[in-house]
Amino acid sequence: RLHPVKVHLMQGLWRRLGDANIHARCFSTGIGAVGEGVPQVFNRTVKTVQRDSLALRGDRHEYRRLRLEIAERLTDKLLDTHKKFPMAADVGCSDGAVLETLAGRGGVQRLIQTDSSRKMLDHCRSGMVGDIEAVRVQADEEALPFPDEGLDLILSNLSLHWINDVPGTLMQMRRALRPDGLLLASMLGGDTLFELRQSLLMAELEREGGVSPRVSPMAGVS
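Here my numbering is used: the first residue of the sequence shown is 1, the next is one more, and so on.
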């Protein structure tokens, strides 16, 4: 099942992070610069290669329906407020589903689309798209290139579940947002692919007498 990250939960997390000592950690030293002691569950270089391969698949569009649907739900949230967000970023933009669904919502004037895959970015539209100036920047989600308090809005659509240091990335987003900024994000979590996990576990236990991880770990959702 899909569990979009709720805005009020994110705000609560940000308040807790704001009370923590975050100055001892550096997130601008380069691609994949995560905090000290953070488990490296995902090889970010391999993830980029996988995204490059997906970008070159001829049947890529068959797999983007889910991404488009969730992007539509995310940007629809912008209709719940009268506030305008002229400077926005799409973190882990993939092939630009968020830009396709903005359609003037939120008063976005400039959208910075970031992704670790150059080949995936090639599928994103750039220049003037309707009333939005869209730009593309190759950057890893764990080392965001944004200056402090430079953004009004950050969107992230089905990307954060492949991050090793999710709290570190959230802290970077917090610093990049202006004091009244907004984050809208979705990620896979909770019981996503539960049936597949159970099937693989039972099959491997029966055949091999032991188990090993076959599906990416998912963040807990409360």
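We put the CB at the ideal spot given by N, CA and C, even for glycine.
Using DSSP's beta-bridge definition, name the partner residues of Arg110.
Arg110 is bridged to Met87 and Glu133.
Please return the same chain residues whose Cβ sits closer than 6 Å to the Cβ of Val149, not counting the five positions on each side in sequence.
A small fix is needed here, since residue 149 is Glu in this sequence, not Val. Hits under 6 Å: Arg178.
Kindly identify the DSSP beta-bridge partner or partners of Leu153.
Its beta-bridge partners are Ala88 and Leu182.
How about Arg197: is its C-beta nearer than 8 Å to some C-beta of chain D?
Absent from the structure is chain D; it holds one protein chain and no more.
Does the beta-carbon distance from Gly58 to Leu78 come in below 8 Å?
No, the Cβ-Cβ distance between Gly58 and Leu78 is not below 8 Å.
Return the CA-CA distance between Leu151 and Gln138, expressed in angstroms with no decimal places.
The straight-line gap from Cα to Cα measures roughly 17 Å.
Measuring alpha carbon to alpha carbon, tell me which of Ala89, Cys93, Val98 and Gly96 ends up nearest Arg110.
Comparing Cα-Cα distances from Arg110 to each of Ala89, Cys93, Val98 and Gly96, the minimum goes to Ala89.
Distance check for Glu204 and Leu182, CA to CA, integer angstroms please.
Going by the C-alpha atoms only, they are around 44 Å apart.
Does the Cβ of Asn157 have 16 or more other Cβ atoms within 10 Å, making it buried, or fewer, making it exposed?
Asn157 should be labelled buried.
Counting only the same chain and skipping the five closest in sequence on each side, list residues whose C-beta sits under 6 Å from that of Arg16.
Confidence is the limiting factor: at Arg16 the pLDDT is only 37, short of 50, which leaves the residue's position unreliable, though a coordinate-based value still follows. Within the same chain, Arg16 has no close Cβ partners at all.
Drop a sphere of 10 angstroms on the beta-carbon of Asp140, count the other beta-carbons inside from all chains shown, and report buried for 16 or more, exposed for fewer.
Result: buried.
Which value, in whole angstroms, describes the spacing of the CA atoms of Trp162 and Val41?
Looking at the two C-alpha atoms, the distance is approximately 9 Å.
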